[in-house]
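Everything below concerns the one structure shown next.
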Ligand SMILES: Nc1ncnc2c1ncn2[C@@H]1O[C@H](COP(=O)(O)OP(=O)(O)OP(=O)(O)O)[C@@H](O)[C@H]1O
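In full-length UniProt numbering, the protein residues as written are 1 to 329.
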C-alpha cells in the first residue's frame, strides 16, 4: 500500500517559500512545560523524532500525551520550552505548518449530519494535492459507508474516517492520538497496517497510546511518559533489554509466596520479584533445570505455577519497574 504516492501528483508552480532543511528532525521538543492551574500536565519534556519515523508516546491516562500532541499541532500554547515541528513553531507558524501535517484527534468529531464521503471530500478540498478520497475510503474499508451520516457510523467507522481525514492531505507528519481506542481487533490491525505503510512511504507518525503492544508493533522509538515527564526513551529493544543480559521466567500463583525460600532453592545470582499480587518473575539464566526447580518448589508448597513462560521484558514491565504502577492504572 503506497499511501502518499497513490495518486499521480503534478507539482504546481507557486511562490517560493523558504522551508527548513529537509534533513532536520520532524519533531524537536525541548523542555516543554504546560500547566492547568495547579496541574502540571507536561513537565520539562524533551522529544526528538527523525523524519519518516514512528514515535510512540506511551503512558497511562493523564500522563500528558494529548496535551503534548495538541501543543505540537498548534492547538494549545506551551507555558515553557521550545517546540519545532518540521522546523516550524506551531504556536506562531501554524499557517505554514498545517498544510504539511495530518491530525487525528482523540475521539474524532464532526457535524453529525455530514455523510462520510462528503466529509472526506470537504477536507480534501483544503489540500493542494490531496489523495483521492475514494481510494482512501476503499483502503480503510469505508466505501459502503460513504453515504452514511457521521452520527450513524459505528465508533470504529468514525475512527477510521477520522484517520482518513488526517491522511487525505498527503501530510509529511501525522499525529494520531490513541488511533485504535475502541476499535475491534480487525479494525485495529487495519490501522496498524496503515501506519506501517505510512512509515514505508516516509511519512512521520507521532502516536499516543496506552497499549504497549501497539507501541511495540509500530514504533521505531518509544517515549514512556508519566506525570508529564519522559521516564524512558529508546527503541523497544533498548528499553526492554535487561542491563545484565538476564532472561525472565514469569508465572502466576498465590499472592505473597516466600521468595526468599524460592531463591534458596535456586543457584546463586538469581532474582525473584512479585511484580504485583500473585505475578512473579525470576531473573537470571533460565534453563530447563531452573524451570524444573521453580515448578517443583511450587509443588512442594502446594501451589500452582500458572501461565509459566520464559520471556523478555515487555514495555509493561519497564513501566512497572520505573513507576511501580501498571500502564492501565
Ligand atoms: N484543558 C484542561 N484543563 C485542565 N486540566 C487539563 C486540561 N487538559 C488536560 N488536563 C490535565 O492534564 C493532565 C494531562 O492530561 P492529558 O489529557 O494530556 O493526558 P493523556 O496522557 O493524554 O491522558 P489520556 O490517555 O487519558 O488521554 C491530566 O491531569 C488532565 O486532567
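For every residue, glycine included, the Cβ atom is placed at its ideal position computed from N, Cα and C.
Inset, instruction - Hey, could you find the ends of the beta strand (DSSP E) residue 36 is sitting in? - result: Taking the first residue of the chain shown as position 1, residue 36 is located at position 36. Segment 27 to 36, the beta strand (DSSP E) holding residue 36.
Legend entry - Beta-carbon spacing of residue 209, residue 178 below 8 Å: Residue numbering aside, residue 209 sits at position 209 when the chain shown is read from its first letter. Residue numbering aside, residue 178 sits at position 178 when the chain shown is read from its first letter. For residue 209 and residue 178, yes; Cβs fall inside 8 Å.
Inset, instruction - Mind listing, in chain order, the continuous beta strand (DSSP E) runs of no fewer than 3 residues lying wholly within the segment 92 to 175? - result: 101 to 104
Legend entry - Inside the segment 191 to 241 only - beta strand (DSSP E) runs reaching at least 3 residues: 204 to 209, 221 to 226, 229 to 234
Inset, instruction - Taking residue 70 as part of the alpha helix (DSSP H), name the residues at either end of that continuous run. - result: Counting from 1 along the chain shown, the entry for residue 70 is found at position 70. Note, residue 70: alpha helix (DSSP H), 65 to 73.
Legend entry - Cβ contact (3+ pairs, closer than 8 Å) linking the segment 71 to 87 and the segment 237 to 255: no
Legend entry - Classification of residue 34 by the beta-carbon crowding that lies within 10 angstroms, buried from 16 upward: Counting from one through the chain shown, the residue named residue 34 turns up at place 34. Per the 10 Å Cβ criterion, buried.
Inset, instruction - Please confirm whether any heavy atom of ligand 1 lies closer than 7 Å to the CB of residue 36. - result: Here residue 36 refers to the residue found at position 36 of the chain shown. The answer is yes for residue 36.
Inset, instruction - Pull up the CB-CB distance for residue 40 and residue 278, whole angstroms please, since I reckon it's below 8 Å. - result: Along the chain shown, one-based indexing puts residue 40 at 40. Along the chain shown, one-based indexing puts residue 278 at 278. Going by Cβ atoms, the distance from residue 40 to residue 278 rounds to 35 Å, so no, they are not a contact pair.
Inset, instruction - Output the distance between the C-alpha atoms of residue 316 and residue 239, rounded to the nearest integer angstrom. - result: Within the chain shown, numbered from 1, the residue matching residue 316 stands at position 316. Within the chain shown, numbered from 1, the residue matching residue 239 stands at position 239. Each residue's alpha carbon lies about 11 Å from the other.
Legend entry - Simplified DSSP assignment, three categories, for residue 290: Counting from one through the chain shown, the residue named residue 290 turns up at place 290. Helix, per DSSP.
Legend entry - Short Cβ contact (8 Å threshold) for residue 127 with residue 94: Walking along the chain shown from the start, residue 127 turns up at place 127. Walking along the chain shown from the start, residue 94 turns up at place 94. Taking 8 Å as the Cβ cut-off, residue 127 and residue 94 do not qualify as a contacting pair.
Legend entry - The beta strand (DSSP E) enclosing residue 333, as first and last residue numbers: Outside the shown range of the chain, which is 1 to 329, sits residue 333, and nothing can be said about it.
Inset, instruction - Would you kindly work out how many angstroms separate the C-alpha atoms of residue 223 and residue 298, rounded to a whole number? - result: Numbered from 1 along the chain shown, position 223 holds the residue referred to as residue 223. Numbered from 1 along the chain shown, position 298 holds the residue referred to as residue 298. So the two alpha carbons sit approximately 37 Å from each other.
Inset, instruction - Would you mind working out which of 38, 47, 56 sits nearest residue 236, comparing C-alpha positions? - result: As a working mapping, residue 236 is identified with position 236 in the chain shown. Among 38, 47, 56, the Cα nearest to that of residue 236 is on 56.
Inset, instruction - Can you say whether residue 66 is buried or exposed, counting buried as having 16 or more other CB atoms within 10 angstroms of its CB? - result: Indexing the chain shown from 1 puts residue 66 at position 66. The residue in question, residue 66, is buried, as its Cβ has 16 or more Cβ neighbours within 10 Å.
Legend entry - Residues near residue 186 in its chain [Cβ-Cβ closer than 7 Å; skip 5 each side]: For this step, residue 186 is matched to residue 186 along the chain shown. Within the same chain, residue 186 has no close Cβ partners at all.
Inset, instruction - Confirm the yes/no value for this check: CB of residue 106, any heavy atom of ligand 1, distance under 7 Å. - result: Taking the first residue of the chain shown as 1, we reach residue 106 at position 106. It does: the Cβ of residue 106 is within 7 Å (strictly closer) of some heavy atom of ligand 1.
Inset, instruction - State the CB to CB distance for the pair residue 205 and residue 225, rounded to an integer number of angstroms; the pair is presumed to be in contact (CB under 8 Å). - result: Taking the first residue of the chain shown as 1, we reach residue 205 at position 205. Taking the first residue of the chain shown as 1, we reach residue 225 at position 225. Residue 205 to residue 225, Cβ: 17 Å. No contact.
Inset, instruction - With a threshold of 7 Å, establish whether the CB of residue 67 neighbours any heavy atom of ligand 2. - result: Ligand 2 is not part of the structure shown, which contains ligand 1 as its ligands.
Legend entry - residue 41 CB to nearest heavy atom of ligand 1 below 7 Å: Counted from its first residue, the chain shown places residue 41 at position 41. Yes, the beta carbon of residue 41 sits closer than 7 Å to at least one heavy atom of ligand 1.
Inset, instruction - Look at the alpha carbon of residue 330 and the alpha carbon of residue 99, and state the distance between them as a whole number of angstroms. - result: Absent from the structure is residue 330, since the part of the chain shown begins at 1 and ends at 329.
Legend entry - Cutoff 8 Å; reference residue 72; Cβ partners in own chain excluding five residues on either side: Counting from one through the chain shown, the residue named residue 72 turns up at place 72. Cβ neighbours of residue 72 beyond the five flanking positions: 27, 29, 83, 85, 90, 175, 206.
Legend entry - Meets three-Cβ-pair contact criterion under 8 Å: the segment 58 to 65 and the segment 122 to 141: no
Legend entry - Cross-strand partners of residue 251 (DSSP beta bridge): Here residue 251 refers to the residue found at position 251 when the chain shown is read from its first residue. DSSP lists 280 as partners of residue 251.
Legend entry - Integer-rounded CB distance, given that residue 145 should sit under 8 Å from residue 116: Translated into the one-based positions of the chain shown, residue 116 becomes position 116. Translated into the one-based positions of the chain shown, residue 145 becomes position 145. That pair is a contact at about 5 Å.
Legend entry - Minimum C-alpha distance to residue 78 - residue among 269, 32, 310: As a working mapping, residue 78 is identified with position 78 in the chain shown. For the residues 269, 32, 310, the minimum Cα distance to residue 78 belongs to 32.
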